[in-house]
Amino acid sequence: MKRVGVVALNTFREAVRDRVLYNLLFFALVMMAASIIAGQISIGIEQTVIATLGLSAISLLGLLIAIFIGVGLVSKEMDKRTLYALLAKPVRRWEFLLGKFGGLILTLAVNTAAMGVGLFLALVYVKPTLERGDATVFVAVYFIWLKLALVVALALLFSCFTTPLLAILFTAGIYIVGLYAQELRNMPMQVMSPGMTALTKWLSYLLPNFENFNIMALAAHSRPVPGAFILQNTLYAAVYCTIVLTGAVLVFSRRNLK
Amino acid sequence: MGAAAIETENLTKLYPHGFLNLKKRISLEGLNMQVETGEIFGFIGPNGAGKSTTIKLLMRLIFPTAGSARILGKPISDIEMHRDVGYLPEQPYFYDYLTATELLDYFARIHDMTAAGRKERVQQMLKKVGLETAGKIQLRKYSKGMLQRVGMAQAILHDPQLVILDEPMSGLDPVGRREVRDMILDLKREGKTVMFSTHILSDAEMLCDRVGVIVGGKLRGVGAPAQLVDMKAQGMEILFELTGQSTVPLLAKATRTGDRYRLQVPEPDLYGAIEQLRAAGATILSVSQVRATLEEFFMDLVEADRAQAAAVEVSGK
C-alpha cells in the first residue's frame with residue numbers, strides 16, 4: 014500500500030506542475046464577478062444566485078478535470094511509455110492504478126476544497142450574518158467531490174480497454190445518463206413491453222445515480238442536510254468506486270503494453 | 023558460472039491481427055534460452071526480430087501466449103523478482119515534469135529505500151552517469167543522450183543482481199556509447215549479470231561473454247561470439263606482391279591495392295594456389311586464416327530467414 018501512496022503523490026505533483034490548479038483563478042474571477050453582479054441585480058436572493066452559480070462552476074470545472082485527466086491517467090503513461098520503467102520495479106499493476114486514482118482524487122479534493130472556501134467567502138460577502146444552515150454549502154462541495162471520484166473511477170476503467178477519445182465519450186455518456194437514473198427508475202412502466210421494463214429497471218440500478226449528489230437547492234436556501242444522507246452518499250460512492258476500480262484492475266492486469 | 027540468471031522455456035508470443043483478430047502474427051516462437059549468472063549476454067538481431075518482445079515478456083509488460091520464464095530462480099509472475107532486476111527500456115522516456123533527482127528519488131521510494139539512503143544513492147547514481155550538475159533540471163529539457171543516462175541510473179539505482187538493457191547504445195554518439203560500454207563492464211566487475219539487446223554487432227562482439235542471435239522470432243544460435251563465427255566455413259587469405267603483367271587465372275579473383283594483392287581461397291586449395299602464384303613470379307608476403315565476423319554470421323542468418331519467408335510466400339500463392 015505504501016507504493017500506492019508514492020504513485021498518488023507523484024500524480025498529484027504532475028497535476029500541480031501541469032498547472033491543473035490554475036482553474037482556481039478562473040473560479041475566483043467567476044465568484045468575484047457573481048458577488049458584485051448579484052448584489053446589484055437580485056434583491057433578497059443574492060445567496061441563492063451565488064450558491065447556485067458557485068456550486069455549478071465547482072461541479073463543471075471538476076468534471077472537466079475528472080474526465081479529461083482521468084482518461085489520461087493510464088493512457089498517457091502507455092502512449093509515452095513512462096509506465097515501462099515503473100512496472101519493471103516491484104509495483105503491482107493494481108498498486109499503480111490505485112495510486113493514479115488516489116492522486117487525481119487528491120488533486121480534486123484540493124481543488125474543490127479551495128473553491129468551496131472561495132464560494133463561502135463570496136456568500137459571507139453578500140450575507141454578513143451567517144446562520145448554521147450556511148454550512149450546507151460545504152456538504153454540497155463534499156458531495157461534488159464524491160461524484161467526481163466516481164467519474165474518475167469510470168474514466169480510469171474505460172481508458173484501460175479503449176482509446177482515450179472513446180473513453181471520454183463513454184465517461185461523459187454515463188455521467189449524463191446517470192443524472193437521469195432516478196427518472197429512469199420512476200418511468201411509467203405500463204407504456205413499455207415487459208422486456209423493456211425489466212431492462213430499464215436493471216439499468217436504473219446499475220448506472221451511478223449522480224443526481225443523489227446534487228443538493229444545490231438545499232445549499233442555496235441554507236437548509237441542513239441529515240447526517241444519515243451524508244453517510245449514505247459516502248458509502249454509495251465508496252462501494253461504487255470499489256466495484257468500478259476492481260473492474261479496471263481486472264482489465265489492466267491482463268493488458269499487454271505496446 | 024553458477025545457476026542461470028534467466029531461463030526461458032518455450033516462451034512464445036503471438037499477436038492477433040486482421041479481421042476480428044483471427045490471424046496470428048508470430049513475434050517470438052518457442053524461445054529456450056539461459057543467461058548464466060555473472061555473464062554479459064548480448065541479444066542480437068535485426069529490427070523486429072523479437073528482442074524487445076523477449077525483454078518485455080521477462081519484465082511482464084506483455085504476457086506470453088505460451089511458455090514460461092524464471093529470473094534469478096523465481097517465476098516472472100513473482101513481483102519480488104523485480105527487487106533484484108534493473109531494466110532500461112528502449113528509447114526511454116520518463117515523467118518530463120520531474121528533475122532527474124526527483125525521478126530517481128521517486129523510483130527509490132518505490133524500492134522502499136530509506137530517506138537517508140535515497141538521498142545518498144541518488145547523488146551517487148547521478149555522478150556515475152555524469153549528470154551531477156544536471157540533477158535539478160526538468161527532464162523535458164534533456165537531450166536523448168541525457169535521458170539514456172537517466173535510464174541507466176534508474177536501472178542500477180537499487181543495486182540489482184541482474185540488469186536488462188534494451189538497446190542501451192541506440193541513438194548515442196560515440197562518446198555516449200563508450201560510456202555505456204564502460205558501465206556494462208563495471209557491472210560485470212561488480213559481479214552483476216547483464217543482458218542487453220542490440221543490433222550493433224561490434225558492441226556485442228566487444229562486450230559479451232555469450233550472444234544469442236534471434237531472427238524472425240526464433241533463436242538461431244547461442245554461444246561465445248568467437249564460437250559462433252567458427253561455425254562458419256573458414257578460408258585462407260594470401261597476401262602477395264606481383265609486378266608486371268601475368269596471365270595467372272587466380273589473379274581475377276584477387277583484390278588489388280597497388281602492386282599488392284589479396285586472395286581468399288578455401289583451405290584445401292591453399293598450397294596449389296601458392297605454387298601457381300610463385301610460378302607466375304609473385305612474392306608471397308603472408309598467409310593468414312580468414313575469421314568470419316559476427317556480422318557475416320548474422321547476415322547469413324538474416325538472409326536465410328528472408329529466403330525462407332519468400333519461399334513460404336511463393337508456395338502459399
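As you go down the protein sequences, you meet chains A and B in turn.
Count along the first sequence starting at 1, add 13, and that's the number in the numbering used here.
Count along the second sequence starting at 1, add 22, and that's the number in the numbering used here.
The beta-carbon is built from N, C-alpha and C at its ideal position, and this holds for glycine as well.
Quick caveat, the model's predicted, so the values are computed rather than measured.
- Contacts between K93/A and chain B, judged by CB atoms closer than 7 Å, involve Y115 in chain order.
- Annotation for G57/A: no beta strand (DSSP E) segment contains it, and DSSP assigns it neither H nor E.
- Residue-level contact by beta carbon holds for H104/B and chain A, with a gap shorter than 9 Å.
- Beta-bridge partners of G83/A (DSSP): none assigned.
- When C-alpha distances from E59/A are compared across K15/A, A47/A and L270/A, the shortest belongs to A47/A.
- About 23 Å separates the Cβ atoms of G173/B and S49/B, ruling out a contact at the 8 Å cut-off.
- In the three-state reduction of the DSSP assignment, H39/B falls in the strand class, which pools E and B.
- Residues of chain B with a Cβ closer than 8 Å to the Cβ of R267/A are, in chain order, F85.
- Taking 4 residues as the shortest admissible run, the region 155 to 226 of chain B contains the following complete alpha helix (DSSP H) segments, listed from N- to C-terminal end: 166 to 178 and 196 to 211.
- In the structure shown, S48/A adopts helical secondary structure according to DSSP, grouped into three states.
- Bounds of the beta strand (DSSP E) holding T277/B are T277 to T279.
- Any Cβ of chain A closer than 9 Å to the Cβ of D134/B would place that residue at the interface, and such an atom is present.
- Ranked by Cα distance from V104/A, the first of Y117/B, H221/B and D100/B is D100/B.
- For the region 162 to 189 of chain A, there are no residues whose beta carbon sits under 8 Å from a beta carbon of chain B.
- Here I178/B is buried, its C-beta having at least 16 other C-beta atoms within 10 Å.
- Remark: three or more beta-carbon pairs, one from each stretch, lie closer than 8 Å, so the region 152 to 169 of chain B and the region 193 to 203 of chain B are flagged as touching.
- Remark: C-beta atoms of G234/B and I66/B approach each other more closely than 9 Å.
- M321/B and V237/B have their C-alpha atoms spaced approximately 10 Å apart.
- Just so you know, the alpha carbons of I187/A and K214/A end up roughly 16 Å apart.
- Using a CB distance below 9 Å, no part of the region 56 to 87 of chain A faces chain B.
- The continuous alpha helix (DSSP H) containing N124/A extends over residues R106 to V139.
- By the criterion of a C-beta distance shorter than 7 Å, R236/A is surrounded in its chain by G146 and T149, once the five residues flanking it on both sides are discounted.
- Our two residues, K149/B and Y119/B, have alpha carbons roughly 21 Å apart in a direct line.
- Bridge partners of Q146/B according to DSSP: none are assigned.
- The count of Cβ pairs closer than 8 Å, one atom from the region 95 to 109 of chain A and one from the region 69 to 85 of chain A, stays below three, leaving the stretches out of contact.
- Going by DSSP, Y283/B is part of the beta strand (DSSP E) stretching over R282 to V287.
- Against K113/A, chain B offers no close residue; the least beta-carbon distance is about 12 Å (beta-carbon pairs closer than 7 Å).
- Assignment of beta-bridge partners to K96/B by DSSP yields I93/B.
- DSSP, read as helix, strand or coil, puts M229/A in helix.
- When C-alpha distances from P288/B are compared across E124/B, I260/B, E201/B and G213/B, the shortest belongs to I260/B.
- By DSSP's assignment, G245/B forms a beta bridge with V233/B.
- Cβ contact annotation for T265/B (same chain, cutoff 7 Å, sequence separation greater than five): D281, in chain order.
- DSSP places R47/B outside any alpha helix (DSSP H); the residue lies instead in the beta strand (DSSP E), whose first and last residues are K45 to E58.
- Proximity of N124/A to chain B, defined by a Cβ-Cβ separation below 9 Å, is not satisfied.
- Membership of G18/A in the alpha helix (DSSP H) is indicated by the continuous run K15 to R30.
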